[in-house]
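K.L.:
In this text, residue positions in the sequence shown follow the numbering used here: the first is 6, and each later residue adds one. Shown below is the structure under consideration.
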Amino acid sequence: MLVLASSTHAREFYFAPSTLEGVGLSQQDIDLSLFSKENGQLPGVYKTNVRLNKHALDDESIGYVNDEKGELHPLLTPQLLRKWGIRVDAYPQLAKQPANNPLSDPLGHYIPFATARFDFNSMTLHISMPQAAIDAHSRNFIDPSRWNDGVPVLFADYSVSGSQRENGDHNNDSSQYLNLRSGANLGGWRLRSYSVWNKTAETQSWDTINTWIQHDIDFLKAQLTAGENSTRGEVFDSIQYNGVNITSDEQMLPYSQRGFAPVIRGIAHSNAEVTIRQNGYIIYQATVAPGAFEITDLYSTTNSADLDITIKEADGTEFHSVQPFSSVAVMQRPGNLRYEATLARYRADNNQQANEPLFAQGSAIFGLNNYLTLFGGITSSSNYQSVDIGIGMALGEIGALSTDITAARARLDNGEQYDGQSLRAMYTKNIEATDTNLTLASYRYSTSGYYSFADANQKYDPDDDWSYEYNKRSRLQASINQTLLGSSLYLTGYQQDYWNTNRKETSISSGINSVISGISYHLAYTYSKTDEEQSDQSMSFGFSIPLSRWLPKSWANYNVSNSKNGYTNQNIGLGGTLFQDDRMSYSLQQSMANHDGEDSSSLYGTYRSQYANLNAGYYSSSDGSRQITYGMSGGVVTHPAGVTLSQPLGDQFAIVTAKGASGIHFSNQRGVQTDIFGNAIIPSLSPYQENVIRIDTTSLPNDVDTDETAMTVIPSRNAAVSTHFSAHVGYRVLITLTRPNGQKVPFGAMGTVDSTAISGIVNDEGVLYLAGVSENIPLTVKWGNSATQRCNAVVTLSPSTESLAAGGIRQATALCNPEINYAK
Numbered sequence: 006m007l008v009l010a011s012s013t014h015a016r017e018f019y020f021a022p023s024t025l026e027g028v029g030l031s032q033q034d035i036d037l038s039l040f041s042k043e044n045g046q047l048p049g050v051y052k053t054n055v056r057l058n059k060h061a062l063d064d065e066s067i068g069y070v071n072d073e074k075g076e077l078h079p080l081l082t083p084q085l086l087r088k089w090g091i092r093v094d095a096y097p098q099l100a101k102q103p104a105n106n107p108l109s110d111p112l113g114h115y116i117p118f119a120t121a122r123f124d125f126n127s128m129t130l131h132i133s134m135p136q137a138a139i140d141a142h143s144r145n146f147i148d149p150s151r152w153n154d155g156v157p158v159l160f161a162d163y164s165v166s167g168s169q170r171e172n173g174d175h176n177n178d179s180s181q182y183l184n185l186r187s188g189a190n191l192g193g194w195r196l197r198s199y200s201v202w203n204k205t206a207e208t209q210s211w212d213t214i215n216t217w218i219q220h221d222i223d224f225l226k227a228q229l230t231a232g233e234n235s236t237r238g239e240v241f242d243s244i245q246y247n248g249v250n251i252t253s254d255e256q257m258l259p260y261s262q263r264g265f266a267p268v269i270r271g272i273a274h275s276n277a278e279v280t281i282r283q284n285g286y287i288i289y290q291a292t293v294a295p296g297a298f299e300i301t302d303l304y305s306t307t308n309s310a311d312l313d314i315t316i317k318e319a320d321g322t323e324f325h326s327v328q329p330f331s332s333v334a335v336m337q338r339p340g341n342l343r344y345e346a347t348l349a350r351y352r353a354d355n356n357q358q359a360n361e362p363l364f365a366q367g368s369a370i371f372g373l374n375n376y377l378t379l380f381g382g383i384t385s386s387s388n389y390q391s392v393d394i395g396i397g398m399a400l401g402e403i404g405a406l407s408t409d410i411t412a413a414r415a416r417l418d419n420g421e422q423y424d425g426q427s428l429r430a431m432y433t434k435n436i437e438a439t440d441t442n443l444t445l446a447s448y449r450y451s452t453s454g455y456y457s458f459a460d461a462n463q464k465y466d467p468d469d470d471w472s473y474e475y476n477k478r479s480r481l482q483a484s485i486n487q488t489l490l491g492s493s494l495y496l497t498g499y500q501q502d503y504w505n506t507n508r509k510e511t512s513i514s515s516g517i518n519s520v521i522s523g524i525s526y527h528l529a530y531t532y533s534k535t536d537e538e539q540s541d542q543s544m545s546f547g548f549s550i551p552l553s554r555w556l557p558k559s560w561a562n563y564n565v566s567n568s569k570n571g572y573t574n575q576n577i578g579l580g581g582t583l584f585q586d587d588r589m590s591y592s593l594q595q596s597m598a599n600h601d602g603e604d605s606s607s608l609y610g611t612y613r614s615q616y617a618n619l620n621a622g623y624y625s626s627s628d629g630s631r632q633i634t635y636g637m638s639g640g641v642v643t644h645p646a647g648v649t650l651s652q653p654l655g656d657q658f659a660i661v662t663a664k665g666a667s668g669i670h671f672s673n674q675r676g677v678q679t680d681i682f683g684n685a686i687i688p689s690l691s692p693y694q695e696n697v698i699r700i701d702t703t704s705l706p707n708d709v710d711t712d713e714t715a716m717t718v719i720p721s722r723n724a725a726v727s728t729h730f731s732a733h734v735g736y737r738v739l740i741t742l743t744r745p746n747g748q749k750v751p752f753g754a755m756g757t758v759d760s761t762a763i764s765g766i767v768n769d770e771g772v773l774y775l776a777g778v779s780e781n782i783p784l785t786v787k788w789g790n791s792a793t794q795r796c797n798a799v800v801t802l803s804p805s806t807e808s809l810a811a812g813g814i815r816q817a818t819a820l821c822n823p824e825i826n827y828a829k
């Protein structure tokens with residue numbers, strides 16, 4: 006047993022090595038001088054808590070070596086310093102060092118007065134840095150130099166489905182469908198194409214929906230897109246185009262700068278702690294220096310609830326204030342600008358007869374202060390011109406309101422010209438007293454001469470002139486959410502009417518969701534009506550009961566629904582997931598109805614494999630019809646390390662390589678594991694943010710070991726980033742080492758496999774643990790600096806070597822000689 010002590014004074018420690026003596030173990034064999042130093046420990050990579058000027062940063066795996074005093078010295082790189090917000094470029098000697106190479110001199114050599122001290126007892130690296138050397142950034146700031154454009158790739162992200170149906174008359178019908186998103190990445194350029202294929206017994210079709218290229222514009226915090234795509238639709242309605250578009254990208258900003266949150270200003274009389282609460286929860290806390298302060302990095306929230314601000318001075322005195330807070334979707338932080346500019350040709354919807362003129366469109370949204378956001382835009386083409394101007398207002402306790410007006414002039418396909426205006430208002434409010442959230446109330450009123458850009462470009466058809474004669478007049482949308490006794494109630498509604506007709510479209514839905522004693526239930530009602538059709542109403546009630554006590558990870562459910570025509574359907578089912586990572590799910594359902602031919606049974610299952618997601622189902626009805634469904638979705642990626650099959654990719658993904666180690670699973674990634682080549686795809690990463698990829702160490706194969714368990718990647722938008730784990734493929738073995746005189750190799754000796762980085766420390770029984778070794782293991786063992794404090798051994802494993810039950814660890818014995826000749 007090794008006992009470590011700590012002290013506030015730098016000094017060496019001593020204890021008698023005789024306390025470690027045993028049979029065949031003399032004091033001369035034991036060299037523990039390294040451990041007598043304060044912070045004296047074996048060099049290596051340690052999981053480290055990082056503190057920069059006493060502020061906690063993310064944990065890091067950092068390499069350490071012994072300095073001339075025998076203490077552990079951190080191997081810091083310029084890239085790691087940038088990650089911590091250090092102004093590397095402000096110090097020329099530091100800036101010229103290779104980004105990923107450890108610094109050869111102490112930190113203070115490059116940045117005056119900077120120090121780095123490692124406390125082994127708490128595994129904490131304390132970094133002291135002059136404030137001038139630290140960037141003043143918002144919380145969660147990621148330096149753009151760390152954004153990773155990824156590696157060159159070709160890929161296809163696909164979803165295939167099909168069905169085979171036989172009705173009661175034994176007539177067969179089949180269909181197949183393919184959804185394909187393919188692309189290529191090279192440097193910062195992204196090429197994407199989106200296509201669909203559909204086949205039935207009578208027809209088949211292949212349609213390319215859009216194809217485009219995209220690239221980041223880092224200094225503008227924007228995206229450049231050229232080709233076929235759609236506008237964002239924040240000020241004007243979203244429209245399809247074929248051309249060039251530049252759009253600001255909010256995800257390039259730190260989380261704390263996205264969306265809307267007010268700037269909090271105040272005065273501190275000492276080093277004070279500022280705490281901000283909303284709905285009783287602390288959403289921000291920081292220490293500020295004496296004097297006036299500004300807090301600009303509150304996280305965005307959709308709640309329209311007041312902010313309670315507490316300033317706690319150093320002597321314990323507290324000052325309280327309240328800042329009303331509410332917002333609508335258009336609101337921006339003070340000084341923030343969202344914008345979009347498009348120069349393109351209009352693209353009509355598929356199978357729609359419409360003109361496709363060249364057009365230009367621009368829009369901007371600017372946060373003026375805590376209470377006002379201005380926005381507007383213009384659209385112009387040969388047959389259409391419009392201007393929009395609006396304002397978003399935070400009204401404190403009243404809520405938040407945005408209103409805008411669009412004036413448009415349109416020349417229709419029949420040659421007629423119209424001028425009109427459209428007024429829109431949106432409102433949101435959270436009523437704290439009743440916990441009622443009016444999430445969106447939107448109203449738009451248009452004059453009879455107003456046409457949207459898409460409506461104005463429809464071709465005139467004298468046999469179907471609905472859109473010309475009956476253009477939209479007003480539209481109302483509302484959504485209310487209420488929490489009551491642990492339940493969630495909702496009500497949403499929509500109504501659209503038109504000029505020159507009494508036709509209206511109405512839709513209402515309401516319901517309640519709750520969980521009582523682990524049982525979840527719902528009650529819902531829907532209503533819809535147009536003048537051309539009779540109204541449709543339905544009600545539904547259901548509940549779900551967990552069955553984990555009897556059947557792990559499973560539940561039973563029941564649902565009953567009733568429609569206006571008197572049809573009643575009841576459904577009872579059993580569902581659940583299988584395997585440790587829930588990669589497989591299943592559902593069995595039995596339905597009963599009060600009308601003929603509608604009783605049915607169904608079975609459906611999904612499986613997430615490392616190569617694709619699979620699904621299959623079977624359905625049969627009391628009228629004799631039957632149906633089989635099947636599907637598969639996944640990705641195929643060609644990358645510098647080979648070709649890898651995967652689950653669906655998402656927009657950003659990581660290519661993981663592990664030196665040929667297959668069967669490595671990853672935390673929170675159902676079904677994902679390295680293939681026979683040691684490669685895997687981690688899908689659906691977040692752009693411009695740290696994504697941590699962790700190995701599931703509890704399921705490592707018996708023949709695999711790894712030095713790292715987590716890697717962090719920061720992909721740019723639509724990037725395919727590469728990361729590598731230094732996995733060792735081979736045996737895990739416990740080797741009992743003895744010397745020619747029969748004595749054990751001393752405790753604390755370091756054993757290293759020749760020509761590799763595989764090493765371990767001998768325990769007090771003379772046993773060395775190694776992982777990732779081959780059947781033939783040439784060893785060098787050292788327990789001191791003299792020639793008599795080292796030996797060599799060769800260990801040969803064979804299939805007959807006994808294995809321990811736990812983890813498949815093999816056992817072996819070896820003679821460690823002072824010198825050995827490997828020549829044959």
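The beta carbon of each residue, even a glycine, is placed where N, CA and C say it ideally should be.
1. From what residue to what residue does the alpha helix (DSSP H) around Gly-113 run?
2. Relative to the alpha-carbon of Ala-459, which residue among Trp-89, Thr-120, Pro-362 has its alpha-carbon at the smallest distance?
3. At what residue ranges does the stretch 698-777 contain a whole run of the alpha helix (DSSP H), taking only runs of 4 or more?
4. Would you report the Cα separation of Tyr-19 and Thr-717, rounded to the nearest angstrom?
5. Drop a sphere of 10 angstroms on the beta-carbon of Ser-2, count the other beta-carbons inside from all chains shown, and report buried for 16 or more, exposed for fewer.
6. Roughly how far, in whole angstroms, is the beta-carbon of Ala-685 from the beta-carbon of Thr-649, given that I think they are within contact range, below 8 Å?
7. Starting from Leu-86, trace the alpha helix (DSSP H) in both directions and tell me its first and last residue.
8. Tell me which same chain residues have a C-beta within less than 6 Å of the C-beta of Lys-204, skipping the five on either side of it?
9. Report the rounded CA-to-CA distance for His-670 versus Arg-151, giving the unit in angstroms.
10. Could you tell me which residues DSSP puts in a beta bridge with Ser-253?
11. Taking only beta-carbon positions, decide if Val-392 is within less than 8 Å of chain B.
12. Please classify Ile-244 as buried or exposed, where buried requires at least 16 other C-beta atoms within 10 Å of its C-beta.
13. From Ser-127 to Lys-74, what distance separates their C-alpha atoms?
14. Going by DSSP, what residue range makes up the beta strand (DSSP E) through Phe-658?
15. Check each candidate in Gly-192, Asn-781, Ile-251 and name the one with the smallest Cα separation from Ala-365.
16. Just mark Ile-681 as buried or exposed, buried being the case when its beta carbon has 16 or more other beta carbons within 10 Å.
17. From His-325 to Arg-56, what distance separates their C-alpha atoms?
18. Runs of 3 residues minimum, wholly inside the stretch 478-559: which ones carry the beta strand (DSSP E) assignment?
19. Give me the residue from Ser-386, Gln-219, Tyr-389 with the minimum Cα distance to Asn-723.
20. Pull up the CB-CB distance for Met-597 and Leu-619, whole angstroms please, since I reckon it's below 8 Å.
21. Which partner residues of Ala-561 appear in the DSSP bridge assignment?
22. Counting pairs of Cβ atoms below 8 Å between the stretch 156-173 and the stretch 701-719, do you hit three or more?
23. Alpha carbon to alpha carbon, what distance is there between Gln-542 and Tyr-624?
24. What do you get for Leu-81, buried or exposed, if any count of 16 or more other CB atoms within 10 angstroms of its CB means buried?
25. So what does DSSP say about Tyr-162, is it helix, strand or coil?
26. Between which residues of its own chain and Gly-29 is the CB-CB distance below 6 Å, once the five residues before and five after are set aside?
27. In chain order, what residues of the same chain have a beta carbon less than 8 Å from the beta carbon of Ser-651, not counting five sequence neighbours either side?
28. For Pro-22, does the three-state DSSP call read helix, strand or coil?
29. Thinking Ala-646 and Ala-732 are a contact (beta carbons under 8 Å), I'd like their distance in whole angstroms, please.
30. Does the stretch 564-579 come close enough to the stretch 543-555 that 3 or more CB-CB pairs lie under 8 Å?
31. Hey, could you find the ends of the alpha helix (DSSP H) Leu-99 is sitting in?
32. Helix, strand or coil: which one does DSSP assign to Ser-235?
33. Apart from the five residues just before and just after Asn-105, which ones in its own chain have a Cβ nearer than 6 Å to its Cβ?
34. Return the chain-ordered ranges of every beta strand (DSSP E) run that is complete within the stretch 632-697 and spans a minimum of 3 residues.
35. Compare the C-alpha of Leu-185 against each of Ser-592, Arg-195, Ser-166, Asn-71 and name the closest.
36. Going residue by residue through the stretch 365-424, where are the continuous beta strand (DSSP E) segments of at least 3 residues, counting only ones entirely within it?
P.N.:
So, from the data block:
1. Sequence index remark: in the sequence shown, residue 113 carries index 108 (1-based). Looking at the DSSP string, the run of the alpha helix (DSSP H) that includes Gly-113 is 112-115.
2. For the purposes of this step, residue 459 is taken as the residue at position 454 of the sequence shown. Selected option, being the one with the closest Cα: Pro-362.
3. none
4. Residue 19 sits at position 14 when you count from the first residue of the sequence shown. Residue 717 sits at position 712 when you count from the first residue of the sequence shown. Annotation note: pLDDT 44 at Tyr-19 (below 50); position unreliable, no value reported.
5. With the chain running from 6 to 829 in the structure shown, residue 2 is simply not present.
6. For the purposes of this step, residue 685 is identified with residue 680 of the sequence shown, where counting begins at 1. For the purposes of this step, residue 649 is identified with residue 644 of the sequence shown, where counting begins at 1. With 8 Å as the limit, Ala-685 and Thr-649 qualify as a contact, their Cβ atoms being about 7 Å apart.
7. If you number the sequence shown from 1, residue 86 lands on position 81. Start and end: 83-88.
8. On the sequence shown, position 199 is the one that residue 204 refers to. Gln-181.
9. For the purposes of this step, residue 670 is identified with residue 665 of the sequence shown, where counting begins at 1. For the purposes of this step, residue 151 is identified with residue 146 of the sequence shown, where counting begins at 1. Spanning the two alpha carbons is a distance of roughly 26 Å.
10. Locating residue 253 in the sequence shown gives position 248, counting from the first residue. For Ser-253, which the question treats as bridged, DSSP gives the partners Ala-227.
11. No chain B appears in the structure shown, which is made up of a single protein chain.
12. Here residue 244 refers to the residue found at position 239 when the sequence shown is read from its first residue. It is buried - the Cβ of Ile-244 has at least 16 other Cβ atoms within 10 Å.
13. Stepping through the sequence shown from its first residue, residue 127 is reached at position 122. Stepping through the sequence shown from its first residue, residue 74 is reached at position 69. Cα to Cα, Ser-127 sits roughly 20 Å from Lys-74.
14. Residue mapping note: residue 658 aligns to position 653 of the sequence shown, counting from 1. Counting along the chain, the beta strand (DSSP E) containing Phe-658 begins and ends at 658-662.
15. For the purposes of this step, residue 365 is taken as the residue at position 360 of the sequence shown. Residue Ile-251 is the option with its Cα nearest to Ala-365.
16. The residue you call residue 681 lines up with position 676 of the sequence shown. Counting Cβ neighbours within 10 Å, Ile-681 comes out exposed, since fewer than 16 surround it.
17. In the sequence shown, the residue the question calls residue 325 occupies position 320. In the sequence shown, the residue the question calls residue 56 occupies position 51. When rounded, the distance between both Cα atoms is 31 Å.
18. 492-503, 509-521, 524-535, 538-551
19. Within the sequence shown, the letter at position 718 stands for residue 723. Out of Ser-386, Gln-219, Tyr-389, Gln-219 has the C-alpha closest to the C-alpha of Asn-723.
20. By one-based count along the sequence shown, residue 597 stands at place 592. By one-based count along the sequence shown, residue 619 stands at place 614. Going by Cβ atoms, the distance from Met-597 to Leu-619 rounds to 30 Å, so no, they are not a contact pair.
21. Numbered from its first residue, the sequence shown carries residue 561 at position 556. Note: Ala-561 sits in a beta bridge opposite Ile-550, Leu-579.
22. no
23. Locating residue 624 in the sequence shown gives position 619, counting from the first residue. Locating residue 542 in the sequence shown gives position 537, counting from the first residue. Using only the alpha carbons, I get a separation of about 27 Å.
24. Residue numbering aside, residue 81 sits at position 76 when the sequence shown is read from its first letter. It is buried - the Cβ of Leu-81 has at least 16 other Cβ atoms within 10 Å.
25. To locate residue 162, count along the sequence shown from 1; it is residue 157. Checking the displayed sequence, the identity of residue 162 turns out to be Asp instead of Tyr. Note: Asp-162 maps to strand in three-state DSSP.
26. Position 24 of the sequence shown holds residue 29. Low confidence applies to Gly-29: its pLDDT is 45, below 50, so where it sits in the model is not reliable enough to give any reading.
27. If you number the sequence shown from 1, residue 651 lands on position 646. Answer for Ser-651: Gln-615, Tyr-616, Ala-617, Gly-639, Gly-640, Val-641, Val-642, Phe-658, Val-677, Ala-685, Ile-686, Pro-688, listed in chain order.
28. Position 17 of the sequence shown, counted from the first residue, corresponds to residue 22. Note that Pro-22 has pLDDT 47, beneath the 50 cutoff, so the model's placement of it is unreliable and the number below is only indicative. Three-state result, Pro-22: helix.
29. Position 641 of the sequence shown, counted from the start, is the residue given in the question as residue 646. Position 727 of the sequence shown, counted from the start, is the residue given in the question as residue 732. Their Cβ separation, rounded to whole angstroms, is 13 Å, which puts Ala-646 and Ala-732 out of contact at 8 Å.
30. yes
31. Counting from one through the sequence shown, the residue named residue 99 turns up at place 94. Note, Leu-99: alpha helix (DSSP H), 97-100.
32. The sequence position of residue 235 within the sequence shown is 230, counting from 1. Ser-235 falls in the strand class under three-state DSSP.
33. The residue given as residue 105 occupies position 100 in the sequence shown. Here the set comprises Thr-82, Gln-84.
34. 647-651, 658-662, 684-687
35. On the sequence shown, position 180 is the one that residue 185 refers to. Per the Cα distances, Ser-166.
36. 377-386, 389-399, 405-416
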